[in-house]
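Everything on this sheet refers to the single structure shown next.
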Amino acid sequence: MELIARVSTGSRMDQIYIAKQRDGFPIGSYVLIKPLETVAKENIKLFPHNIAQVEPVKLYIIKSLAQSIKSRHEGEVIVFGSFLNPGFRFNDVDVILLSSTEGAYGTIGKKLEEETGLKIHLTMLSEPSLLKGIATDPLFALLMNNHIATKRMMFDAKRDLNFKLLDLHLQKSKMFIENFEMMAGSEKLKMVRNLAAIEYFMKGKKFPKQGTDALIDHTFSKGTALRLRDNTLLKEEIKKRYRQVFDSAQKEILKGISDGAQQK
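Per our numbering, residue 2 is the first one in the sequence shown, and the count goes up by one each step.
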């Protein structure tokens, strides 16, 4: 049995906490402690894309996930999403298995959750489907702009402005101002991130290499992403700019839908 834990500062001695609900390590047993870097799986290589630095514990988890997945199914593993953001504030680990077959592979996902204790969102995609998602879905394109994979990959997908699809994406951010007081910080962050991704996507801008927080701060103002996440941002500080971006995006999308209908 292996467990991942962090060294914490104690009043008299530093300590490591492990869960009471576990299958091994009874009270009184002796254990060997060593840094994760020294036990990382050497046969799995990772290739970061627009990722400056990741905590060693996360690299260890990614290597373990990749090895577990690749032992069960052929393909390349891609990890993306909030798990790669600095710190440990994430809900799940988003993983793509790039394969010739597609679909949510529940059996592998459940096994990975049992092995890691983390919530794993695993999806199997073919390369054409992956490229189509990047070409048509602003949020997916944004998230894939920062990833770690088991193979160096460059996703050269020309943006395809499907205005009806963009309208569906935009509706996810429609009630941000109206429901502002009732939402948690994580919900606000998702809505603002979605809108910022749509705005960049339609204007053909390159997403910032620094990730989603940088995108939000570029679209609104510096520190907006952090304050949204901490739920300390006041509605009056973002309301005007948010409506400007939303209304501009909606106007362009409706024009695109209208022009498409007239061409038919």
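Cβ coordinates follow ideal geometry from the N, Cα and C atoms, glycine included.
Through-space distance from residue j to residue i, alpha-carbon basis
i, j, result
"Lys175", "Gly205", "22 angstroms"
"Phe48", "Ser259", "43 angstroms"
"Ala136", "Gly257", "17 angstroms"
"Glu237", "Ile178", "10 angstroms"
"Thr233", "Tyr201", "25 angstroms"
"Gly29", "Phe221", "54 angstroms"
"Gln251", "Lys173", "12 angstroms"
"Asn44", "Gln211", "28 angstroms"
"Lys207", "Ala6", "38 angstroms"
"Phe89", "Gly261", "44 angstroms"
Cβ-based neighbour list, residue i, same chain, cut-off 8 angstroms, excluding 5 preceding and 5 following
i, result
"Glu128", "Leu99"
"Ile254", "Phe164, Leu167, Asp168, Leu171 and Met203"
Residues near residue i in its chain [Cβ-Cβ closer than 6 angstroms; skip 5 each side]
i, result
"Asp161", "Ala136 and Thr137"
"Lys189", "Leu229"
"Thr39", "Bear in mind that the predicted position of Thr39 carries a pLDDT of just 49, short of 50, making it unreliable; the figure below should be weighed with that in mind. Closer than 6 angstroms at the Cβ level, and outside the excluded window around Thr39, lies no residue."
"Leu144", "Phe81 and Gly82"
Contact check, residue i vs residue j, beta carbons under 8 angstroms
i, j, result
"Lys171", "Ile199", "The sequence shown places Leu at residue 171, rather than the Lys named in the question. Yes, the Cβ-Cβ distance between Leu171 and Ile199 is below 8 angstroms."
"Gly186", "Arg244", "no"
"Thr151", "Val32", "no"
"Leu119", "Ile109", "no"
"Val80", "Val58", "no"
Same chain, Cβ closer than 7 angstroms to residue i, five either side skipped, listed in chain order
i, result
"Lys311", "Since the displayed the chain opens at 2 and closes at 265, residue 311 lies outside it and no answer follows."
Given residue i as reference, the closest of the options once Cα atoms are compared
i, options, result
"Ser83", "Thr117, Ile70, Ser101 and Ile121", "Ile121"
"Asn147", "Val96, Leu196 and Ser101", "Val96"
Any chance you could list the alpha helix (DSSP H) runs of at least 4 consecutive residues sitting entirely within the region 27–111, in chain order? 57–71
Runs of alpha helix (DSSP H) lying entirely within the region 211–248, each at least 4 residues, in chain order: 213–220 and 225–230
Please give me, in chain order, every unbroken run of the alpha helix (DSSP H) with length at least 4 that falls completely inside the region 123–205. 128–137, 139–145, 164–172 and 186–203
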